[in-house]
Structures are given as C-alpha cells and as structure tokens.
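Have a look at the structure below, then the notes.
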Amino acid sequence: MEEVRAAAMAYYANMSIGQKQAVQDFYKSLDANGDGMVTSQEYLDALRKVGLNQTRFPSNLFQLLDKNNDGFLDFEECVTLYYMITGQRIISCDGCGSFMLGLHFLCVECYRVSKDKTFDLCCS
C-alpha cells in the first residue's frame with residue numbers, strides 16, 4: 001500500500017490548482033459532519049451515495065488506507081483513495097482474484113489490443 005500512497009501523493013503534489021480543488025471537494029464530500037476526519041461509516045455512505053460498487057473494493061480497504069490506524073481517514077489518506085478511484089488503480093489479479101496493491105504483471109499484448117481491459121497478474 002505504501003507504493004500506492006507514495007504515487008498518490010506525488011500525483012497530488014503535481015496537480016493544477018483546479019485538480020487539487022477537486023480532491024479537496026472529494027474529501028469534504030466524504031467528511032459528512034465536517035470534523036476533519038472521515039469515519040468508516042462516512043466512507044461507506046459516501047461510496048454508496050456516488051454509486052461506487054463496494055464489491056469492486058477489498059473489504060478491508062478502509063483499514064489499508066488508514067495509515068496511522070486511528071480509525072479515521074485524514075486528508076492524505078483520502079488523497080490515496082481519490083487516486084485509486086479516479087486513476088483506475090483498484091486492480092484484482094485475473095489469476096487468483098486477490099486485490100493488488102503493489103508490483104504486478106500486465107500482459108503487454110492485451111494492453112495493446114484493448115487499453116480498457118487488461119490481463120493483470122500478481123507476483124504470487
């Protein structure tokens with residue numbers, strides 16, 4: 001997850017002001033009560049509200065995003081979620097079905113033929 005988190009923060013650091021505003025708006029939409037922390041219930045409610053299929057995500061994604069294990073998602077942790085959702089970075093292994101957070105393999109020929117559907121394999 002650290003690779004994904006680092007990539008998300010690098011993308012955020014290089015975004016335009018408008019793109020950064022979109023991320024901040026996303027964070028505010030998750031934080032229903034405006035206390036600066038996103039609870040697991042706010043996270044689930046927000047995913048439902050925007051129509052994201054929760055079966056697309058691993059059941060423990062909230063815990064994986066919660067880097068400091070305080071039970072809440074702060075802004076940086078939500079930047080990672082935004083990156084995963086908008087960048088199509090939520091990938092499952094086409095072999096074993098496990099959620100892939102780091103290094104994985106991609107069939108180059110499949111990518112050339114159809115960029116919207118690839119064949120991805122984990123390292124195990």
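Taking UniProt numbering, the leading residue of the sequence shown gets 1, the next gets one more, and so forth. All C-beta atoms, glycine included, are put in the ideal place defined by N, C-alpha and C. Just so we're clear, the structure is a prediction, and the values are computed from it rather than from any experiment.
With distances taken between CA atoms, LYS117 lies nearest to GLU109 out of SER16, GLU109, CYS123. Taking 8 Å as the cut-off, the Cβ atoms of VAL79 and ALA8 count as close.
ASP25 and ALA32 have their alpha carbons spaced roughly 12 Å apart. Taking 4 residues as the minimum length, the alpha helix (DSSP H) runs contained wholly in the UniProt domain "EF-hand" (18-53) are 40-49, in order along the chain.
Rounded to the nearest angstrom, the Cβ distance from TYR83 to PHE62 is 15 Å, too far for a contact under 8 Å. Rounded to the nearest angstrom, the gap between the Cα atoms of SER124 and PHE57 is 20 Å.
Around the beta carbon of ARG5, 16 or more other beta carbons sit within 10 angstroms, so the residue counts as buried. Scanning its chain for C-beta atoms nearer than 7 Å, with the 5 sequence neighbours on each side dropped, one finds around LEU65 the residues LEU73, GLU77, THR80, LEU81, in chain order. Sixteen is the threshold: when 16 or more other Cβ atoms of the shown chains lie within 10 Å of the Cβ of VAL38, as they do, the residue is buried.
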